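Student:
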Amino acid sequence: MMSALSPQPGHPVRVTIGLQTQAPCHPTYQVIRTPNYPPAPTGKDGVHCCIPPLRQPFTKSSLHNLIYMLIFLDHPGFIKCSLKATQHHCETNIDKWKKFWMMFQQDISNINLLATMLLAGNANFLNTTTMDGLSYWPQKLSYASLMAASGSILVGLAVQNPRIFTAYSSFYFQTMVLVLGFPFELFLYSIILFIAALIVHLAIHSAKVQIYAAVTIMGLVIVSLFFYWLITELLDGWQFSPQKCKTQRVEGSLQTV
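See below:
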(Lines of atoms letter the chains of each structure in order from A; the text may use other names.)
(Lines give C-alpha, C1' and ligand atoms only; values in the text may rest on other atoms or scores of the structure.)
Protein backbone atom coordinates (compact mmCIF):
# COMPACT_ATOMS: atom_id res chain seq x y z
CA MET A 0 0.00 0.00 0.00
CA MET A 1 2.78 2.45 0.89
CA SER A 2 4.75 1.72 -2.27
CA ALA A 3 1.69 2.37 -4.41
CA LEU A 4 1.08 5.74 -2.77
CA SER A 5 4.69 6.90 -2.57
CA PRO A 6 5.52 9.72 -5.03
CA GLN A 7 8.02 9.35 -7.80
CA PRO A 8 11.41 11.01 -7.22
CA GLY A 9 11.72 14.51 -8.58
CA HIS A 10 7.95 15.15 -8.89
CA PRO A 11 5.87 17.42 -6.66
CA VAL A 12 2.84 15.95 -4.96
CA ARG A 13 -0.50 17.23 -3.72
CA VAL A 14 -1.52 16.19 -0.21
CA THR A 15 -5.20 15.37 0.30
CA ILE A 16 -6.71 14.76 3.73
CA GLY A 17 -9.32 12.04 3.60
CA LEU A 18 -11.82 11.39 6.38
CA GLN A 19 -12.56 7.83 7.38
CA THR A 20 -15.07 6.92 10.07
CA GLN A 21 -14.46 3.61 11.75
CA ALA A 22 -16.80 4.32 14.67
CA PRO A 23 -19.49 6.96 15.23
CA CYS A 24 -17.40 8.89 17.79
CA HIS A 25 -13.84 8.09 16.66
CA PRO A 26 -13.05 9.47 13.18
CA THR A 27 -9.57 8.85 11.79
CA TYR A 28 -7.68 10.75 9.09
CA GLN A 29 -5.60 9.29 6.29
CA VAL A 30 -3.04 11.22 4.21
CA ILE A 31 -3.38 10.41 0.52
CA ARG A 32 -0.55 11.56 -1.75
CA THR A 33 -1.53 12.06 -5.39
CA PRO A 34 0.61 13.64 -8.13
CA ASN A 35 -0.48 17.18 -9.16
CA TYR A 36 0.91 16.81 -12.68
CA PRO A 37 -0.63 15.05 -15.70
CA PRO A 38 0.95 11.77 -16.68
CA ALA A 39 3.55 12.03 -19.41
CA PRO A 40 2.58 10.45 -22.75
CA THR A 41 4.36 7.20 -23.45
CA GLY A 42 3.11 6.45 -26.96
CA LYS A 43 4.61 7.10 -30.38
CA ASP A 44 2.45 10.18 -31.13
CA GLY A 45 4.22 13.34 -32.26
CA VAL A 46 7.09 11.47 -33.97
CA HIS A 47 8.05 12.48 -37.49
CA CYS A 48 10.84 11.51 -39.87
CA CYS A 49 12.23 14.67 -41.46
CA ILE A 50 12.68 14.52 -45.24
CA PRO A 51 14.97 17.51 -45.94
CA PRO A 52 15.84 18.79 -49.43
CA LEU A 53 19.14 16.90 -49.16
CA ARG A 54 17.17 13.62 -49.40
CA GLN A 55 14.87 14.80 -52.21
CA PRO A 56 15.40 15.58 -55.91
CA PHE A 57 16.03 19.27 -56.59
CA THR A 58 12.97 20.86 -58.24
CA LYS A 59 11.59 24.34 -58.95
CA SER A 60 9.76 24.20 -55.65
CA SER A 61 13.07 23.51 -53.89
CA LEU A 62 14.63 26.51 -55.62
CA HIS A 63 11.67 28.66 -54.56
CA ASN A 64 12.02 27.56 -50.94
CA LEU A 65 15.77 28.20 -51.02
CA ILE A 66 15.23 31.75 -52.31
CA TYR A 67 12.68 32.33 -49.55
CA MET A 68 15.22 31.16 -46.99
CA LEU A 69 18.06 33.35 -48.29
CA ILE A 70 16.00 36.51 -48.93
CA PHE A 71 13.27 36.39 -46.27
CA LEU A 72 14.80 33.88 -43.77
CA ASP A 73 11.70 31.75 -44.45
CA HIS A 74 9.61 33.94 -42.15
CA PRO A 75 6.66 34.21 -44.60
CA GLY A 76 6.61 30.42 -44.88
CA PHE A 77 6.51 30.08 -41.11
CA ILE A 78 3.56 32.49 -40.88
CA LYS A 79 1.81 30.70 -43.73
CA CYS A 80 2.10 27.29 -42.05
CA SER A 81 1.04 28.63 -38.65
CA LEU A 82 -1.92 30.48 -40.14
CA LYS A 83 -2.99 27.46 -42.19
CA ALA A 84 -3.31 25.40 -39.01
CA THR A 85 -6.03 27.76 -37.73
CA GLN A 86 -8.26 27.40 -40.82
CA HIS A 87 -10.59 24.51 -41.60
CA HIS A 88 -13.15 24.62 -44.45
CA CYS A 89 -13.70 28.40 -44.35
CA GLU A 90 -13.91 28.36 -40.56
CA THR A 91 -11.48 29.46 -37.87
CA ASN A 92 -10.49 27.28 -34.95
CA ILE A 93 -10.68 29.77 -32.07
CA ASP A 94 -8.36 27.86 -29.73
CA LYS A 95 -5.66 27.49 -32.37
CA TRP A 96 -6.16 31.11 -33.42
CA LYS A 97 -5.58 32.32 -29.86
CA LYS A 98 -2.35 30.31 -29.62
CA PHE A 99 -1.19 31.59 -33.00
CA TRP A 100 -1.97 35.18 -32.08
CA MET A 101 -0.12 34.98 -28.76
CA MET A 102 2.94 33.65 -30.59
CA PHE A 103 2.61 36.32 -33.28
CA GLN A 104 2.31 39.14 -30.74
CA GLN A 105 5.51 37.98 -29.05
CA ASP A 106 7.23 37.88 -32.43
CA ILE A 107 6.08 41.41 -33.25
CA SER A 108 7.24 42.69 -29.87
CA ASN A 109 10.72 41.29 -30.50
CA ILE A 110 10.83 42.79 -34.00
CA ASN A 111 9.74 46.21 -32.74
CA LEU A 112 12.44 46.14 -30.07
CA LEU A 113 15.14 45.22 -32.58
CA ALA A 114 13.89 47.82 -35.07
CA THR A 115 14.08 50.50 -32.37
CA MET A 116 17.68 49.53 -31.67
CA LEU A 117 18.41 49.72 -35.40
CA LEU A 118 16.91 53.21 -35.51
CA ALA A 119 19.39 54.29 -32.85
CA GLY A 120 22.23 52.67 -34.81
CA ASN A 121 21.28 54.53 -37.98
CA ALA A 122 21.07 57.82 -36.09
CA ASN A 123 24.55 57.32 -34.63
CA PHE A 124 25.93 56.38 -38.04
CA LEU A 125 24.48 59.51 -39.63
CA ASN A 126 26.08 61.63 -36.90
CA THR A 127 29.52 60.14 -37.57
CA THR A 128 29.48 60.78 -41.33
CA THR A 129 31.11 64.05 -42.31
CA MET A 130 29.53 64.45 -45.74
CA ASP A 131 26.58 66.86 -45.92
CA GLY A 132 23.48 66.34 -48.01
CA LEU A 133 22.32 63.18 -49.74
CA SER A 134 25.12 62.92 -52.30
CA TYR A 135 27.05 60.56 -50.03
CA TRP A 136 25.90 56.98 -50.76
CA PRO A 137 26.26 55.61 -47.21
CA GLN A 138 23.95 58.40 -46.02
CA LYS A 139 21.38 57.47 -48.67
CA LEU A 140 21.45 53.84 -47.63
CA SER A 141 21.30 54.72 -43.96
CA TYR A 142 18.28 56.97 -44.47
CA ALA A 143 16.55 54.18 -46.42
CA SER A 144 17.34 51.76 -43.58
CA LEU A 145 15.93 54.24 -41.07
CA MET A 146 12.67 54.56 -43.03
CA ALA A 147 12.34 50.78 -43.36
CA ALA A 148 12.83 50.32 -39.61
CA SER A 149 10.24 53.03 -38.90
CA GLY A 150 7.77 51.32 -41.26
CA SER A 151 8.39 47.99 -39.54
CA ILE A 152 7.54 49.50 -36.16
CA LEU A 153 4.39 51.23 -37.45
CA VAL A 154 3.01 48.15 -39.24
CA GLY A 155 3.91 45.99 -36.24
CA LEU A 156 1.95 48.25 -33.92
CA ALA A 157 -1.03 48.09 -36.30
CA VAL A 158 -1.19 44.30 -36.74
CA GLN A 159 -0.42 43.55 -33.09
CA ASN A 160 -3.99 44.36 -32.07
CA PRO A 161 -5.99 41.10 -31.74
CA ARG A 162 -8.45 40.52 -34.58
CA ILE A 163 -10.16 37.43 -36.00
CA PHE A 164 -9.59 36.15 -39.54
CA THR A 165 -11.23 33.54 -41.76
CA ALA A 166 -9.77 32.55 -45.14
CA TYR A 167 -12.83 32.54 -47.44
CA SER A 168 -10.56 32.19 -50.49
CA SER A 169 -6.89 31.94 -51.42
CA PHE A 170 -6.84 35.71 -51.96
CA TYR A 171 -7.88 36.29 -48.35
CA PHE A 172 -5.23 33.86 -47.14
CA GLN A 173 -2.34 35.21 -49.25
CA THR A 174 -3.22 38.80 -48.33
CA MET A 175 -3.18 37.95 -44.63
CA VAL A 176 0.19 36.19 -44.95
CA LEU A 177 1.62 39.23 -46.76
CA VAL A 178 0.33 41.72 -44.18
CA LEU A 179 1.45 39.69 -41.16
CA GLY A 180 4.91 39.17 -42.66
CA PHE A 181 5.38 42.83 -43.60
CA PRO A 182 6.91 44.00 -40.25
CA PHE A 183 9.62 41.33 -40.38
CA GLU A 184 10.36 41.93 -44.07
CA LEU A 185 10.77 45.67 -43.54
CA PHE A 186 13.02 45.01 -40.56
CA LEU A 187 15.10 42.58 -42.63
CA TYR A 188 15.47 45.12 -45.45
CA SER A 189 16.49 47.72 -42.86
CA ILE A 190 19.29 45.45 -41.64
CA ILE A 191 20.49 44.77 -45.21
CA LEU A 192 20.50 48.49 -46.07
CA PHE A 193 22.38 49.35 -42.89
CA ILE A 194 25.02 46.70 -43.61
CA ALA A 195 25.30 48.00 -47.19
CA ALA A 196 25.79 51.54 -45.84
CA LEU A 197 28.61 50.35 -43.59
CA ILE A 198 30.34 48.41 -46.40
CA VAL A 199 30.14 51.34 -48.84
CA HIS A 200 31.43 53.70 -46.15
CA LEU A 201 34.37 51.39 -45.50
CA ALA A 202 35.06 51.01 -49.22
CA ILE A 203 35.15 54.78 -49.75
CA HIS A 204 37.70 55.16 -46.96
CA SER A 205 39.71 52.14 -48.20
CA ALA A 206 39.36 50.19 -44.96
CA LYS A 207 40.41 46.87 -46.47
CA VAL A 208 40.62 44.87 -43.25
CA GLN A 209 37.09 45.86 -42.22
CA ILE A 210 35.78 45.13 -45.71
CA TYR A 211 37.33 41.65 -45.74
CA ALA A 212 35.88 40.96 -42.29
CA ALA A 213 32.39 42.11 -43.37
CA VAL A 214 32.47 40.04 -46.56
CA THR A 215 33.68 36.97 -44.66
CA ILE A 216 30.95 37.26 -42.04
CA MET A 217 28.21 37.74 -44.65
CA GLY A 218 29.55 34.77 -46.60
CA LEU A 219 29.40 32.61 -43.47
CA VAL A 220 25.83 33.74 -42.83
CA ILE A 221 24.74 32.80 -46.36
CA VAL A 222 26.48 29.42 -46.19
CA SER A 223 24.93 28.69 -42.80
CA LEU A 224 21.46 29.55 -44.09
CA PHE A 225 21.99 27.27 -47.10
CA PHE A 226 23.01 24.30 -44.96
CA TYR A 227 20.19 25.00 -42.52
CA TRP A 228 17.70 24.85 -45.39
CA LEU A 229 19.41 21.77 -46.84
CA ILE A 230 19.06 19.56 -43.74
CA THR A 231 15.68 20.74 -42.36
CA GLU A 232 12.08 20.41 -43.49
CA LEU A 233 9.35 23.03 -43.49
CA LEU A 234 6.67 22.33 -40.85
CA ASP A 235 3.61 22.36 -43.10
CA GLY A 236 0.86 20.36 -41.43
CA TRP A 237 2.24 17.06 -42.71
CA GLN A 238 0.65 13.73 -42.05
CA PHE A 239 2.97 10.89 -41.16
CA SER A 240 2.84 7.17 -40.59
CA PRO A 241 5.08 5.55 -37.93
CA GLN A 242 5.39 2.38 -39.99
CA LYS A 243 6.44 4.33 -43.08
CA CYS A 244 8.88 6.31 -40.96
CA LYS A 245 10.41 3.11 -39.60
CA THR A 246 10.68 1.65 -43.11
CA GLN A 247 12.46 4.77 -44.39
CA ARG A 248 14.90 4.62 -41.48
CA VAL A 249 15.71 0.97 -42.13
CA GLU A 250 16.14 1.55 -45.87
CA GLY A 251 18.40 4.52 -45.22
CA SER A 252 20.61 2.49 -42.88
CA LEU A 253 20.83 -0.35 -45.43
CA GLN A 254 21.88 2.11 -48.14
CA THR A 255 24.52 3.56 -45.86
CA VAL A 256 25.93 0.09 -45.20
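So the sequence shown is numbered by numbering that gives the first Met the number 0: it starts at 0 and just counts up by one.
Where is the CB? At the ideal position from N, CA and C, for every residue including glycine.
For clarity, every value in this text was computed on a predicted model and none was experimentally measured.
1. Going along the chain, which unbroken runs of the alpha helix (DSSP H) with 4 or more residues stay wholly within the segment 62-143?
2. Classify Glu184 as buried or exposed, calling it buried when 16 or more other Cβ atoms lie within 10 Å of its own Cβ.
3. Alpha helix (DSSP H) containing Phe170: first to last residue?
4. With H, G and I counted as helix, E and B as strand and the rest as coil, what does DSSP make of Arg54?
5. Express the C-alpha separation of Val222 and Thr215 in angstroms, rounding to a whole number.
6. Is Phe164 helix, strand or coil by DSSP?
7. What is the DSSP secondary structure of Ser60, counted as helix, strand or coil?
8. Less than 8 Å between the beta carbons of Leu179 and Ile78, yes or no?
9. When you compare only the Cα positions, how much space is there between Arg54 and Asn109?
10. So, at 6 Å on beta carbons, what are the nonlocal neighbours of Ser141 in its own chain, with the 5 sequence-adjacent residues on each side left out?
11. If the criterion is Cβ atoms closer than 8 Å, does the pair Leu229 and Pro51 meet it?
12. Give the range of the alpha helix (DSSP H) segment to which Gln159 is assigned.
Tutor: So, from the data block:
1. As far as the segment 62-143 is concerned, its whole alpha helix (DSSP H) runs of at least 4 residues are 74-83 and 93-127.
2. buried
3. Ser169 to Ile203
4. helix
5. 11 Å
6. coil
7. helix
8. yes
9. 34 Å
10. Asn121, Phe124, Leu125 and Ala196
11. yes
12. That residue, Gln159, is in no alpha helix (DSSP H); it is neither H nor E in DSSP.
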